[in-house]
Structure formats: structure tokens, C-alpha cells
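Line by line, the protein sequences give chains A and B.
Residues in the first sequence are numbered consecutively from 1, following the UniProt record's numbering.
Residues in the second sequence are numbered consecutively from 1, following the UniProt record's numbering.
Positions of the beta carbon are idealized from the N, C-alpha and C atoms, including for glycine.
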Amino acid sequence: MAFNSNNHLQPEDYSKLADHFVPDSNKVLAASPYDSQLGKNMARDARKVINGSLKIEDFHKVYSASLIKEFGDQYASGPMDTNQNSKAKSGTDPKWGMVIDLKKCIGCDTCTVSCKAENRTPPGVSYNVVLETIKGDFPNFSITNLPKPCMQCDNPPCVQVCPTRATYKMENGIVTIDNDRCIGCRYCMVACPYGSRSYDFGTSYEQEMAGFNDVTSPEYGVERGKRKKGAIPEETVRKCSFCYHRLQRGEEPACVETCIGDARYFGDMNDPNSVVSKLAASPRAFRLKEELGTKPRVVYLR
Amino acid sequence: MILKENIDNKMHAPKQKNGKLEKIYWISILIVFGIGIYSIITGYFMEGMESTNLSNIVPWGGWIAFYIYFIGLSAGSFLLSTLVYGFGMEKFEKIGRSALLSAIVCMITGILFVFLDIGRPDHVMNSVIYWNVTSTMSWEIHFYIVYLVLLIVELYFSMRNDLIVVAKNDNFKGKLSRFLTFNKKEYTDIDKVKDKKRLKIMGIIGIPLAILGVHGGTGSIFAVLKAQPYLNSALFPLIFIISALVSGTALSIAIYVIKCKVKKQQVDTSMIRSLGSMLSLFIVIEIIMVWYEFLVGFYGLEHEELGTLQLIMGSPYSWSFWIFQMGFALFFPLVILIIKKTRESINWILGASVMVLIGVVGVRFNMVIPTLIMPKIDGMPYGNYYMNLSEWLTSFGIIAMCLILYTIGEKLFPIDEIDSHENGVSKHE
Chain A
1 MAFNSNNHLQ PEDYSKLADH FVPDSNKVLA ASPYDSQLGK NMARDARKVI NGSLKIEDFH
61 KVYSASLIKE FGDQYASGPM DTNQNSKAKS GTDPKWGMVI DLKKCIGCDT CTVSCKAENR
121 TPPGVSYNVV LETIKGDFPN FSITNLPKPC MQCDNPPCVQ VCPTRATYKM ENGIVTIDND
181 RCIGCRYCMV ACPYGSRSYD FGTSYEQEMA GFNDVTSPEY GVERGKRKKG AIPEETVRKC
241 SFCYHRLQRG EEPACVETCI GDARYFGDMN DPNSVVSKLA ASPRAFRLKE ELGTKPRVVY
301 LR
Chain B
1 MILKENIDNK MHAPKQKNGK LEKIYWISIL IVFGIGIYSI ITGYFMEGME STNLSNIVPW
61 GGWIAFYIYF IGLSAGSFLL STLVYGFGME KFEKIGRSAL LSAIVCMITG ILFVFLDIGR
121 PDHVMNSVIY WNVTSTMSWE IHFYIVYLVL LIVELYFSMR NDLIVVAKND NFKGKLSRFL
181 TFNKKEYTDI DKVKDKKRLK IMGIIGIPLA ILGVHGGTGS IFAVLKAQPY LNSALFPLIF
241 IISALVSGTA LSIAIYVIKC KVKKQQVDTS MIRSLGSMLS LFIVIEIIMV WYEFLVGFYG
301 LEHEELGTLQ LIMGSPYSWS FWIFQMGFAL FFPLVILIIK KTRESINWIL GASVMVLIGV
361 VGVRFNMVIP TLIMPKIDGM PYGNYYMNLS EWLTSFGIIA MCLILYTIGE KLFPIDEIDS
421 HENGVSKHE
């Protein structure tokens, strides 16, 4: 149909597409053992929830009675339950962690490039790097590719030393920097055992890439507009945030998403059933400079 | 530095003879200062940190080294002044006020250096407002402020009696002194006793403040960094303090002797000799500490620490260790201060002090830079850092400012005790 047309599709167009998906939708729905009208109404209001005009709590309030009536025991949570759930949940909010499988890493630097593209870091600033080391002599030697984002330590030395509390540990495990407070003393860079922090010297790719300054990454969910001389992230310290702005909209960090060998895993370390929790308990797991007691949240599989 | 000392030397010359030299001093120092200001504006304010040779691998450089150098000079000369005001060793009274003045001026210079090293001067007040109690640097910023206030108040009370004398003159100096003494007409014996007590209290408060707060604390800024195994040792703040005493004593000797020579006054030989033997004692303690620091470091077999030690002792950077740290700051002055013939000669002691003052710059650079050059994780690149022209010009500009401040201080306030000064003159005549 209109897929190839230059006109952008409007939400109504999608509805029309769906309308023609089956010859007569009402007939199909009527065949179901459950109430069709309730389903349609819920679908309509679910769209409202998604576009923000209706609160999820209200949605539950409206439909929970009918749902209990319709599904009986199979319906698990009513509105009261969801409230309690959300309260109970706040105690076990996700604590993000990353697992990097060194056997899968081929050292292609895709993570470095995608990180640069996602966070639009200036020259000299790279939140993620891949360190290549060759150990041993021919023929007995090995090459290790060590992707190195910020370790998001649980005992972060950088947070200890920051004179202004501009860098701090969030509840979700991410070590963040408040660039509006940072004075740019670079003490945290000297204190970081992993060299994960960079200073924004105010340089730009503008000369080789027109328009570089026009778009900045909404780091930590803060839109800062164009990159300008003396505007905020400049002359302050910057670091990997596990792509916090992507996490906020439910996406994985850019490096995890683009890894061609699927060497990176990302998830909730608080959830014992998550992939990362299980992998972190593997006997292959190790952390960088564990002896320092920094408790990194990035786990490597050797 | 030597050049500046010489110029300084010329500056204090008696007016009738050396007015021309003073002119040369002022012109040259203002030129250096002007170039420094120009380079601060074009570099620091226009380009920010990009104007330096700093990088993400070596984020701290020459300005931080100069900052701890001047903080050390300040703490050292203050501790020397406490011998006079805190412990009543009147033998050293002649250097008391100039030691305090140089402590104030060096403190201001040191703070200015670290201020320049901050990327966002517009955010600087955050470090005072948002106090991170686990951050040594945050504590330092607060200690510096308290310490500077204490120094100024102590200097004021130490020269109050002479301020009142000067206030009787009808020139600018007199007016300033009248303003500072709140038009106090007479300095009675009660005042004298009171001031002596005040000075004693301030001196005693100042000792822990200078040792634990200002200089030991500045050492802790570096020593708490477990990411830098070379710095991360309990001995490190102590080495900081002892090298502060070394450089502070040397500074006081140099200032006093040069001032006397220029003003053609009698040098108090016995005082300088005992200061010289104190200097040698401090140097010996520093050698012992540095020896154990390196010994334990070597036996630790830690890859990064060994790498740092190798960078310090056997790399293209090692001239600064062997010539400045070992040679100028420790070995040569110690030899001069031990051999009987040279340790009694004022000129040799002066030479040893100036050597120390130059050498300790190297000590400070070696504390900051080699450990940062060493990569933290296998596979990361080695850093490379030399100060560039802009950094040097700015540094010289600030050092020139330090000399200007000191000279103005000497000119405006009765830093030399008036009585002793008159005695000196009459003796000379």
C-alpha cells in the first residue's frame, strides 16, 4: 500500500492497515470466548496510556473489575495490587550491570564507534575503548581484546574524591556526573584506577564533519542543545553512563546493542534470574583490579 | 629562579645607589608579569584547558606541580615562623615576619596556580558550597581559606607595634598604618604582652593547621589515590611535610641573606648558621624517608609502581630526578651544609638554599607527572607530557606576581623590625 510513498504514515493509517488485516475483524473477535467490546475498549485506552493522556493506574482502575469478572482467577493483579507492587518494586529497582565475554570479543571496536556516535563525544573523549594486548611469544601466544567502559564501581574512588559531590552513585548502580556542578579539577580522573574518565577539552569534529556541533547526546536525560564554546559539558569531566538516556527509554546501551559477536550482556544484577546475574556467577567471571576493593559492576568472562 | 633572586637582590638596593637597578627590577618583573597575564587571557580564558599540553592520560601537569611547590613553601616558612611566635625562639626573630609574609604570598600564588588548573572557574564556588566530606581536596580548599586568614591575622599582630610607630609618619605608608591600627596612638606594655600571647596561640593553632591541614592534607590529596600505587603510601604526606620544611627554611634563608646583602646590613651569622644546620637536618630526614619510600616500593613488585619508578629513574624524564631532586634538592646542599668550611660561610649557605629552592621544583614535578604517565591498565598508552610555552609563560607570570606581591608587602609594611633595622644601620656606619 502506502509503504513506499513519501508521505509519512499517520496513526490512522496504521489503523486502516490493521482494519484490512482480516476481512471482518468483528467476526473473528466474536469467535473468541471472551468479551470483544472489553478488548476493543482496552486497546483504545492502552493507546492513550502509551501516548501519555491516561495514567496506567487509572487504566487499571477502570478495567480491573471487568477483568476480574471476565477472567476470574486467571487475572492476577488489580489496581490495589499494582500500587503495592510499585511500592515493593522501588526497593528492588534494577541495579544495572554488564557482562563482557572476552572469548566472544573479536576486537572490532564497534562498541567504541557506536558509543562515540551515540554519545557524540568530542575528539579525545571515548567512554569505551578496546585494549588489545598480546601475551607470550610465538607460537604460544594469545591476543586479548579487553573492551573497557566505565566499571560503575560500587565503591567508586572517583566519588570519594570529588570535592563538590558532582559525581555520585545513583540507586540504579550507575556512577553519574552532574556537569553543572563539576568544577573541572580532574581529581576523579587521577583517582580512577581504570582510566575511564575523560576531560572535555572543548574540541570538536566540526572541521571534518559539518554539523557535529548541532546535535548533542542527551546524557543523563538532560537535553543540552547545540555544542557551543563554553557550554556545559565543555571543560568538565565526562564518562560512560551505561547510556542512561537510552535506559530511560527502555533501550540497551549502544555498545551492547551493536556488539557484532554478542559479547556484551546488559541487565539487572538485582534480578537473580537475569542473564547478567547468572553469567556474573560463572567460574569464568572476573573483574578488573578486583584487589582494589572498588567492586566494579562490569564483569568479564575470561 | 636564580635570575629572579638576583633581580630581587638588586631591587632591595639602597635608593641613592641602586635606584636604577630597582627600575630595572620593576620593569623586567612587570614585563614577565604582563606576558603571563597575556598568556592567561589568550590561553586559559580564550581556549581553556586546550591551551595546555594536558591530555586525558596526564590530566595534571606543571601547574599542579607549581601549586604544591608554593603550598610547600608557604607551610614551610610558616612552620619556621612558629619557632619564633609559637615557641618563643627569639634567636630567629629577624626572619619571623618575612617568613609570615612569604607564607601568605606563596599561599596566594599556590591557590592561584590550582585555580588556573580548574576547567570551570565559573563553578569554583561549588567546592565551598557542596562540601564532600570524604574528599581530601574539599577539606583542603576549606583549610586553605582558614589558614590564609590565620596567617594574615598573625602577621598583623606580629608587626602591630611597628605599625604604630610608622603611623606617625605623614606619607601613604603612615596613612595605611593608621588605618590598619585603627588610629591607635601608643603601644603599651600591656599591648605587648597581649599581642605576644595572641601570637603564641595563633602559632600553636597554626602548627596542626599547617602540618595536618595544609601540607599534610595536600600530600593526602595524592596519597589517598589507590589508582596511583606510587603515591598511595602513608609515608607520602610525611615526605610532603618534610620537603615543605626543607623548601620553607631555604626560602627564609635566601630572602633574609639577599635582603641584608642588598641593604648592606650586617647578616646575623649565627642565626643563618643555625638555620643552615636545621636545613641540613631536614634534608637528612627527607633522604631517609625517600629512601624507605623507594625501598618499600621496589619490594612491592607492583607492576605499575615499578614502572613509575623506572620512569622516574631511568627514562628520558629522569634528568629531573637525578639533577633536580637528588642533586639540587638533596645531595649538593647536604654536602655544602656538612663540610665545615662551607657550612660556616654565609655565601655557601645561601647557595645551598637557592639550590634547594630550584631542586624542590623538580621534586614536585616528580610527584605529579611520572605516575600519571604510567598506564593504569595493560594496553593503555603511555602518556607524554611537557609543559608547553603557554603553560611556562603563565607560570612565570604568576611567579612574577608572587615577587611583586612580596615586594609590595615589604615596601608597605614594617616587615623588618624597626629596632633591629636601626641597630643594623648604626652598626654599619
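Go ahead and pull the three-state DSSP assignment for residue i.
i                      : result
A:Y300                 : strand
A:L29                  : helix
A:A281                 : coil
A:F286                 : strand
B:R198                 : helix
A:K69                  : helix
A:S198                 : strand
B:L231                 : coil
B:E305                 : helix
A:T121                 : coil
B:I415                 : coil
A:C188                 : helix
B:R120                 : coil
residue 305 of chain A : Residue 305 of chain A is absent from the structure shown; chain A starts at 1 and stops at 302.
Quick check on residue i - is its C-beta less than 8 Å from some C-beta in chain A?
i                      : result
B:M107                 : no
B:N53                  : no
B:D378                 : yes
B:G297                 : no
B:S138                 : yes
B:V124                 : yes
B:N148                 : Contrary to the premise, residue 148 of chain B reads as Leu rather than Asn in this sequence. Chain A contact via Cβ: absent.
residue 432 of chain B : Residue coverage of chain B in this structure runs from 1 to 429, which leaves residue 432 of chain B outside it and unanswerable.
B:Y187                 : no
B:N388                 : no
B:G307                 : no
B:K20                  : no
B:S127                 : yes
B:S135                 : yes
B:M367                 : no
Which residue comes first and which comes last in the beta strand (DSSP E) that contains residue i?
i      : result
A:N145 : 140-148
A:E206 : That residue, A:E206, is in no beta strand (DSSP E); it is neither H nor E in DSSP.
A:M98  : 96-101
A:T167 : 167-169
B:L54  : B:L54 -> no beta strand (DSSP E), and no H or E assigned at all.
A:D137 : 129-137
A:T176 : 175-177
Measuring only between beta-carbons, confirm whether residue i sits less than 8 Å from chain B.
i      : result
A:L102 : no
A:Q37  : no
A:E132 : yes
A:Q160 : yes
A:K89  : The pLDDT assigned to A:K89 is 48, lower than 50, so where the model puts this residue is not dependable; a value taken from the coordinates is nonetheless given after this. Not an interface residue.
A:P157 : yes
A:P163 : yes
Residue range of the alpha helix (DSSP H) that residue i falls in?
i      : result
A:V22  : That residue, A:V22, is in no alpha helix (DSSP H); it is neither H nor E in DSSP.
A:V161 : 157-161
A:G293 : Where A:G293 is concerned, there is no enclosing alpha helix (DSSP H), given that its DSSP letter is neither H nor E.
B:E391 : 389-412
B:V214 : No alpha helix (DSSP H) holds B:V214; DSSP gives it neither H nor E.
B:V133 : Neither: B:V133 is in no alpha helix (DSSP H) and is coded neither H nor E.
B:E293 : 269-300
B:M367 : 346-373
Which of the residues in the UniProt domain "4Fe-4S ferredoxin-type" (173-202) of chain A, read from start to end, lie with their CB under 7 Å from any CB of chain B?
R181, C182, I183, G184, C185, R186, Y187, M189, V190, A191, C192, P193, Y194, G195, S198, Y199, F201, G202
Taking only runs that begin and end inside the region 213-267 of chain A, name each unbroken beta strand (DSSP E) of 3 or more residues, in chain order.
237-239
Identify each residue in the region 238-249 of chain B for which the Cβ-Cβ distance to at least one residue of chain A is less than 7 Å, and report them in chain order.
none
Of all the beta strand (DSSP E) runs that stay within the bounds of the region 39-63 of chain A, which reach a length of 3 or more residues?
none
Determine which residues of the UniProt domain "4Fe-4S ferredoxin-type" (96-125) of chain A have a Cβ less than 8 Å from any Cβ of chain B, and write them out in chain order.
G124, V125
By the 7 Å beta-carbon criterion, what residues does the region 391-414 of chain B contribute toward chain A?
none
Just by C-beta distance, which residues in the region 211-231 of chain B are closer than 8 Å to chain A?
I221, V224, L225, K226, A227, Q228
Can you give, in chain order, each stretch of the beta strand (DSSP E) that sits fully within the region 70-94 of chain B and has at least 3 residues?
none
Cβ-based contacts, 8 Å cut-off: residues of the region 310-324 of chain B near chain A:
none
Report the residues of the region 54-84 of chain B with a CB closer than 8 Å to any CB of chain A, ordered along the chain.
L54, S55, N56, I57, P59, W60
Determine which residues of the region 277-301 of chain A have a Cβ less than 9 Å from any Cβ of chain B, and write them out in chain order.
L288, K289, L292, G293, T294
May I ask you to list, following chain order, the residues of the region 203-220 of chain A that have a beta carbon less than 7 Å from some beta carbon of chain B?
T203
May I ask you to list, following chain order, the residues of the region 233-247 of chain A that have a beta carbon less than 9 Å from some beta carbon of chain B?
E234, E235, T236, V237
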